[in-house]
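Some notes on the structure that comes next.
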C-alpha cells in the first residue's frame with residue numbers, strides 16, 4: 005500500500021512541476037529557518053549547562069530599592085558559609101581587567117580575574133594540569149587557560165614555569181603557573197583568560213578590601229547541599245546581612261541556569277528569556293506559513309484531483325485510506341523539503357552566525373540532530389497535510405467524477421483566512437524590524453552628554469601617564485589625554501555611601517566609583533554643572549575633595565551641594581564640583597549616581613582625543629610614544645564610540661535577525677500568493693478570454709483578478725497594527741531612553757506588504773490578461 009502511495013506521490017510531483025517546486029521550496033525555507041532559529045535557541049539556553057553541579061550553584065543577588073543587583077559586598081560570602089550549614093561552599097569573583105603577561109621574550113595582554121581557590125569545587129572549569137585543591141592557594145600562583153599557555157609558553161609544559169605579570173604598581177611580578185585549564189566555553193557567562201588567587205588582595209590592596217560590608221563590587225556564588233530549601237536559605241542570608249550592616253535588604257539566591265537569561269537584574273549583560281520565547285514563536289509561525297502555503301495550494305488544486313479521488317472511492321477506497329494517502333503525499337513533500345533545507349543551512353550558516361553573533365556548528369551526523377530534524381519534517385508534513393486530507397477525503401464519488409465541488413465558497417473562505425493570517429504575521433515582523441532599526445538609530449545618534457567620537461582607549465602601566473601625556477600633546481593631531489581607572493562604559497566599582505551632610509534617616513546611596521585625573525572632563529567633553537573639577541592648583545583635592553554627578557545630587561536630595569561633605573573612604577570629603585549627567589551606562593538604564601575620585605598615582609586606562617581627519621595617521625604615532633616610554637608594554641587600541649555601541653550589540657544582532665525573518669516571511673507569503681494567483685488565473689482562463697472579446701481592458705482584468713487578494717492583505721495589515729503596537733511598546737519599555745511609536749512605521753509596513761503583494765499578484769494577472777483570447781477559449 006505505502007509503495008503505491010509513494011509511486012503515486014512521485015507521479016503527482018512530476019505532473020505538476022510549478023505546484024511541486026513552490027511547495028518543496030516553501031517547505032524547505034520554513035524547515036531551514038526553524039532549524040537555524042532552534043539552534044540559536046539551543047545555544048542561548050545552553051549557557052552554563054556544562055557545570056556538573058549546575059542545579060546546586062546559585063548567584064547571590066541583593067535588592068536595592070526595588071532593583072536587584074548581582075554584585076554584593078566581599079564579606080558576605082565567607083560569612084554565610086560559616087553560619088549557614090546548607091551552604092557547602094562559596095566563591096567570589098572581582099574585577100575582570102586586561103593585564104600584561106611576560107615569559108621569555110614574549111608579551112601578551114589577557115583578561116584576568118581575582119577568584120577564591122574554591123572555584124574548582126563550585127564550577128566545572130576543567131584543569132588539564134595541576135591540582136585543583138592547591139592551584140590557587142598561594143597569592144603568587146596563577147592558573148592560565150590552554151590558549152594563554154600556547155601563546156605565551158608555546159610547546160613547553162606550562163605548570164611550574166614562572167611568568168611575570170605587571171602589577172598594580174607597574175612592576176613585573178613573578179607568578180608560578182600552578183594549573184592549565186581548558187579554555188572557558190563560549191556558553192559560559194563567566195569569561196576569563198587566567199585567574200589570580202583571591203589572597204592577592206592582601207598585597208595589592210588594603211588587607212580589609214575584600215572583607216568589607218560596604219563595597220558592593222564582588223560577584224558571589226554559593227554551592228548548596230542537595231534538596232535544600234532555597235527560600236529558607238534566602239531568609240537566613242538576608243538576616244545575616246541585616247545583622248552585620250544594620251540594613252534591611254532582600255538578599256536572595258539566583259539559580260545558575262537563570263543567570264545568563266534573566267534580564268531583570270540591574271546591569272545585566274547576558275541574554276533575555278523573552279527573546280527565547282519570541283524566537284521560538286517566530287520559528288513556529290514561519291513553519292506554519294510554509295504549511296499554510298501547502299494547504300492553500302493543495303486545496304486550490306483539488307478540482308484537478310477530484311476524478312482521481314472519485315475513481316479511488318469507486319474501486320473501494322474509504323475516507324480513511326484517502327486521508328492517509330494525502331498525509332503520505334505531504335510527508336513525501338516534507339522530506340524532500342528537508343533535504344533541500346539541509347543544503348540551504350549548509351550554505352547560509354556562516355551568514356547566520358555572523359548575523360547572530362554566534363559560532364554555531366551543526367554536526368549533521370549527530371543522532372540528536374538527526375532525530376530533531378526528522379521530527380520537524382514529520383510535524384511539518386502532518387501539519388501541512390491535515391486540512392487537505394480532511395477536505396479531499398470528504399469528496400463524494402458522484403460529484404468528484406462530475407468535477408463538482410460542494411462547499412466551494414467554504415473553501416474560498418478558508419483560503420482567505422489563511423492568507424490573512426500569513427500577512428498579519430509578516431506585517432507584525434516587518435513593523436518589529438522598523439521599530440528596532442529606528443531605536444538602534446536613535447541610540448547611535450543620541451547625545452550621551454560627552455564627546456564619544458575620535459576618542460581612543462589604550463591600557464598602560466598607569467605610572468607614566470604624565471610623561472606620555474606631555475609627549476603626545478606635542479603632536480598637533482592630538483587634542484587631549486586623560487587617565488582613568490576604567491573605561492567610561494565599564495565602571496567596575498560600586499560602593500555604598502552612608503553618610504553625607506543633610507542626610508535624613510538611615511538612607512544610603514550606591515555609587516559607581518570612577519578614578520580619574522584632572523584632565524578627565526576636558527578630554528571627554530563632559531560639562532560642569534556647578535563648582536569646578538579637580539585641578540593641580542588645589543593640591544589638597546586628592547585627600548579632601550570629591551566630585552559627583554547631578555543624579556547623585558538628586559538621589560541625596562541635596563540643595564546647594566557645593567561645599568557640603570560626603571563620607572568616603574574613611575574621611576569627610578568636600579563636594580567641589582557637580583558634573584552634568586551623562587550616559588556612562590547603556591540607555592536601558594537611567595543615569596545613576598557617579599562619584600569621581602582623584603587618583604593621579606596610577607590610572608591604567610588612557611583616553612586620547614584625536615582630530616577626526618588624522619586618525620589613521622596618529623595611531624602609529626601614539627604607539628611609538630608609549631612604546632618609547634614603556635618599551636615592553638603590549639598596546640591594544642579601542643575606540644570609545646565602538647565600545648559604547650557594543651553595549652547594544654545583542655539588540656543590533658536581534659534587529660538583523662528580525663530583518664532576515666521579515667524577508668523570509670514575506671518571501672514565503674508571496675510564494676503562496678503566487679501559487680494561488682496562478683491557479684486562479686488558470687481556472688478563469690475561459691472567463692478572461694470571453695471578457696476580452698467583449699471589450700474588457702487589460703487594466704480591468706488585472707484589477708478583477710487582483711482585488712480579492714489585495715483587499716484581504718489590507719485587512720491583514722489592519723489586524724497586525726494593534727498586535728505589533730502592543731509587543732513593540734512592551735519591548736521599548738526595556739529602554740529608559742527610547743523613541744515613540746509613530747504612525748509612519750505602521751503605514752510604511754502596510755505600504756511595503758501591499759506593494760510586494762501587488763507585484764506578486766500583478767505578474768500572473770497581467771500574464772493572464774495579455775493572453776490571446778482565441779487560445780483562452782480553446783482552453784480545456
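In my numbering, the protein residues as written are 5 to 784. Heads up, the beta-carbon is just placed ideally off N, CA and C, and yes, glycines get one too.
Distance between residue j and residue i (C-alpha atoms, nearest Å)
i           : j           : result
residue 411 : residue 52  : The pLDDT assigned to residue 411 is 40, lower than 50, so where the model puts this residue is not dependable; a value taken from the coordinates is nonetheless given after this. So the alpha carbons of these two residues sit roughly 56 Å apart.
residue 249 : residue 589 : 28 Å
residue 24  : residue 338 : 11 Å
residue 203 : residue 366 : 43 Å
residue 620 : residue 614 : 10 Å
residue 4   : residue 658 : In this structure the chain extends from 5 to 784, so residue 4 is not present and cannot be described.
residue 602 : residue 117 : 25 Å
residue 105 : residue 222 : 24 Å
residue 617 : residue 287 : 46 Å
residue 608 : residue 180 : 24 Å
residue 50  : residue 191 : 7 Å
residue 132 : residue 238 : 36 Å
residue 532 : residue 584 : 6 Å
residue 147 : residue 205 : 16 Å
residue 455 : residue 422 : 52 Å
residue 408 : residue 363 : The pLDDT assigned to residue 408 is 46, lower than 50, so where the model puts this residue is not dependable, and the model offers no usable value.
residue 21  : residue 28  : 10 Å
residue 597 : residue 538 : 18 Å
residue 120 : residue 201 : 6 Å
Unbroken beta strand (DSSP E) run spanning residue i, endpoints
i           : result
residue 200 : 198 to 201
residue 729 : Taken as a continuous stretch (DSSP letters only), residue 729 belongs to no beta strand (DSSP E), being part of the alpha helix (DSSP H) at 702 to 736.
residue 185 : 176 to 185
residue 568 : Note, residue 568: premise wrong, no beta strand (DSSP E); not H, not E.
residue 609 : 609 to 614
residue 147 : 145 to 149
Member of the options whose CA lies at the smallest distance from the CA of residue i
i           : options               : result
residue 774 : 746, 745 and 699      : 699
residue 170 : 369, 56, 184 and 636  : 636
residue 228 : 597, 523 and 63       : 63
residue 719 : 506, 606 and 432      : 432
residue 739 : 34, 541 and 592       : 592
residue 795 : 158, 670 and 14       : In the structure displayed, the chain extends from 5 to 784; residue 795 sits before or after that span and is not available.
residue 254 : 71, 604 and 472       : 71
residue 717 : 761, 226 and 705      : 761
residue 570 : 548, 585, 584 and 239 : 548
residue 294 : 193, 195, 103 and 37  : 37
residue 174 : 103, 728, 736 and 199 : 103
residue 727 : 744, 750 and 707      : 750
residue 97  : 81, 137 and 21        : 81
residue 183 : 195, 176 and 199      : 199
Check whether residue i and residue j have beta carbons under 8 Å apart
i           : j           : result
residue 610 : residue 721 : no
residue 504 : residue 515 : no
residue 95  : residue 122 : yes
residue 485 : residue 492 : no
residue 381 : residue 342 : yes
residue 513 : residue 553 : no
residue 35  : residue 291 : yes
residue 274 : residue 676 : no
residue 501 : residue 600 : no
residue 352 : residue 723 : no
residue 193 : residue 127 : no
residue 298 : residue 334 : yes
residue 77  : residue 216 : yes
residue 155 : residue 88  : no
residue 535 : residue 580 : yes
residue 626 : residue 612 : yes
Limits of the alpha helix (DSSP H) - the one that residue i falls within
i           : result
residue 632 : 619 to 633
residue 23  : 21 to 49
residue 206 : 205 to 208
heavy atom of the ligand MG below 7 Å from residue i C-beta
i           : result
residue 666 : Although the ligand MG was asked about, the structure shown includes no ligands whatsoever.
Check your understanding: Do the region 355 to 375 and the region 256 to 276 make contact, defined as three or more Cβ pairs closer than 8 Å?
Key -> no
Point to revise | Three or more C-beta pairs below 8 Å linking the region 759 to 767 and the region 436 to 448 | key: Flag = no, the region 759 to 767 and the region 436 to 448 do not touch.
**Study point:** the region 727 to 739 contacting the region 434 to 444, beta-carbon criterion three pairs below 8 Å
**Key:** yes
Review point. With a cut-off of 8 Å, do at least 3 Cβ pairs link the region 662 to 679 to the region 456 to 464?
Key: No: fewer than three Cβ pairs fall under 8 Å.
Practice item. Take every Cβ of the region 709 to 716, pair it with every Cβ of the region 749 to 757, and state whether three or more of those distances are shorter than 8 Å. Key: no
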